[in-house]
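Undergrad: In my numbering, the protein residues as written are 404 to 881.
1) In the DSSP output, what is residue 827 paired with across the bridge?
2) Anyone know if the C-beta pair for residue 473 and residue 436 falls short of 8 Å?
3) I'd like to know whether the C-beta atoms of residue 727 and residue 756 end up nearer to each other than 8 Å.
4) When you compare the CB positions of residue 822 and residue 701, do they come within less than 8 Å of one another, or not?
5) With burial defined as no fewer than 16 other Cβ atoms inside 10 Å of the residue's Cβ, what is the status of residue 520: buried or exposed?
6) Please report whether the beta-carbon of residue 637 lies at a distance below 8 Å from any beta-carbon of chain B.
7) Starting from residue 652, follow the beta strand (DSSP E) in both directions and report where the run begins and ends.
8) Under three-state DSSP, which class holds residue 706?
9) Residue range of the beta strand (DSSP E) that residue 670 falls in?
10) Taking only three categories from DSSP, how would you classify residue 847?
11) CA-CA distance, residue 663 and residue 833?
12) Between which two residues does the alpha helix (DSSP H) containing residue 585 stretch?
13) Touch check for the segment 827-844 and the segment 741-750: three-plus C-beta pairs under 8 Å?
14) How many Å lie between residue 766 and residue 800 at the Cα?
15) Whole angstroms are fine: how far does the CA of residue 654 sit from the CA of residue 794?
16) State the CB to CB distance for the pair residue 856 and residue 476, rounded to an integer number of angstroms; the pair is presumed to be in contact (CB under 8 Å).
17) Keeping to the same chain, check which residues put their C-beta closer than 8 Å to that of residue 420; ignore five residues upstream and five downstream.
18) Can you tell me whether DSSP reads residue 862 as helix, strand or coil?
19) Could you please give the first and the last residue of the uninterrupted beta strand (DSSP E) stretch that includes residue 761?
20) What's the C-alpha gap between residue 752 and residue 780?
21) On a Cα-Cα basis, can you pick out the residue from 626, 556, 873 that is closest to residue 429?
22) Ordered along the chain, which non-local residues of its own chain (more than five positions away) have a Cβ less than 6 Å from that of residue 560?
23) For the segment 425-464, which segments carrying the alpha helix (DSSP H) assignment without a break, of at least 4 residues, lie completely within its bounds, in sequence order?
24) Measure the C-alpha to C-alpha separation of residue 652 and residue 846 and round it to an integer number of angstroms.
25) Tell me which same chain residues have a C-beta within less than 6 Å of the C-beta of residue 722, skipping the five on either side of it?
26) If you count every other CB in all the chains shown that lies within 10 Å of the CB of residue 422, and 16 or more means buried, which is it?
27) Looking only at its chain, what residues have a beta carbon closer than 7 Å to the beta carbon of residue 628, apart from the 5 residues adjacent to it on each side?
28) Please confirm if the segment 542-562 is in contact with the segment 603-611, defined as three or more CB-CB distances below 8 Å between the two stretches.
29) Taking just the CA atoms, how far does residue 808 sit from residue 678?
30) Rounded to whole angstroms, what's the CA-CA distance from residue 862 to residue 665? Just pull it up for me.
31) Starting from the Cα of residue 684, find the closest Cα among 541, 536, 858, 469 and give me that residue.
32) Looking at residue 778: is its Cβ nearer than 8 Å to the Cβ of residue 735?
33) Leaving out five residues before and five after residue 849 in sequence, what residues of the same chain have Cβ atoms less than 7 Å from its Cβ?
34) For residue 639 versus residue 543, is the C-beta spacing smaller than 8 Å?
35) Measuring only the C-alpha atoms, how far is residue 812 from residue 462?
36) Would you list the one or two residues that DSSP bridges to residue 521?
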């Protein structure tokens, strides 16, 4: 064992430091957690149990349990059972809690019962970042990412899934009935035993069929015709990134482009990002405290009403247009080939003809102006334009807002790259911390609380990397 770094003998007496504080360096992140929680007004934030009861067994102060959770999520230990173990062997947690060792049920119950308050703590830290002038650029990137729920795909049912499962069970019953007939024709003792096992399997399958029939009625009665048995709020969603589906939640986030801090987030069980742009933009606007904000998003957020709502709220959106023209897909001219002239409210077609406004219709609550020309019948390009009598172009009454946004995108092509490198980094980091697993909690409200703890830990680690523990401690204590 020569020429190696040698350890000390286990039986060697050692003079340990006289207090726990000497084990924790001055720039240790746990000191930041301690000061951050101590400076919070936990009663105003909304935590239960800040004022102790006059009788009964003494409870743990919410500050101690909040410190445990922030430390746990900062160090990738989100499980209440693992946190219970760490409080008895982790010197940093011993220092942080004063050597308290609450059991895992107490730790888990704190997260379950104080969801709104924990989410408010996350927002409070974003407010601290604003006071530290970390949001100097009034620009955010908005995106959503799918996170797995506790619910597996086998415990999620839709009408299509149930029909396939029922078909599979019926095929299995038919297979076992055929095997039973074969076994009954044989007279050996082994065949009789096999027949008994087959009868048990058939009875189990028929019971399963009955359960599916009952579930079928519940699924059809559900608002979105979908039921999850383990986590009732989880929903089946497609994941474009891996080309498969999962049962989980769609987490929305608005990330500032300068320091990649998550300024606003929201957990949803909607599989689509449409309709989330103005919601997340206004949340980010309030969190950053800026009257004007630029918001970058991908095509999944393109929705005219949402973009108009952003403009009216003082948010400048950058969202690429969805290319869903069936005419373009069939090799004909698309709407983008028709040029609009606002000065006389007309369109010019590829053949140079002028399309005038004929009437206005209302579709899905949107007023659409309809344009066409009477020259289509004798046009040489008609086969490349329309299969009908004439080509009609529809224009939303607020489409000038969409045109202005497209012009902004054409002038700033780097926004797509900026969005990807900004908002996809936090999602990738948090999923790496979680590992190949799912949310530990169930139902949408509790999942939102768990996500807030992830976001708080992510933002705290980012600020520690940007400022360092010393300046952050000084800012917290000022």
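Each residue gets a CB set at the ideal place from its N, CA and C atoms; glycine is no exception.
TA: To lay it out plainly:
1) None, per the DSSP bridge assignment.
2) yes
3) no
4) The answer is yes: Cβ separation under 8 Å.
5) buried
6) Among the chains of the structure shown, chain B does not appear; only one protein chain is present.
7) 647-659
8) coil
9) 665-671
10) helix
11) Roughly 13 Å between the two C-alpha positions.
12) 562-587
13) When Cβ pairs closer than 8 Å are counted between the two stretches, the segment 827-844 is seen not to touch the segment 741-750, the count staying below three.
14) 12 Å
15) 41 Å
16) 5 Å
17) 426
18) helix
19) 757-766
20) 14 Å
21) Taking only the C-alpha atoms, the option nearest residue 429 is 873.
22) 618, 622, 630
23) 432-441, 445-448
24) Here the C-alpha atom of residue 652 lies approximately 10 Å from the C-alpha atom of residue 846.
25) 700, 704, 705
26) exposed
27) Closer than 7 Å at the Cβ level, and outside the excluded window around residue 628, lie 561, 562, 622.
28) no
29) 17 Å
30) If you take the alpha carbons of residue 862 and residue 665, they lie about 7 Å apart.
31) 541
32) Cβ distance not < 8 Å, so residue 778 and residue 735 don't count as in contact.
33) 515, 518
34) no
35) 56 Å
36) Residue 521 is not bridged to any residue.
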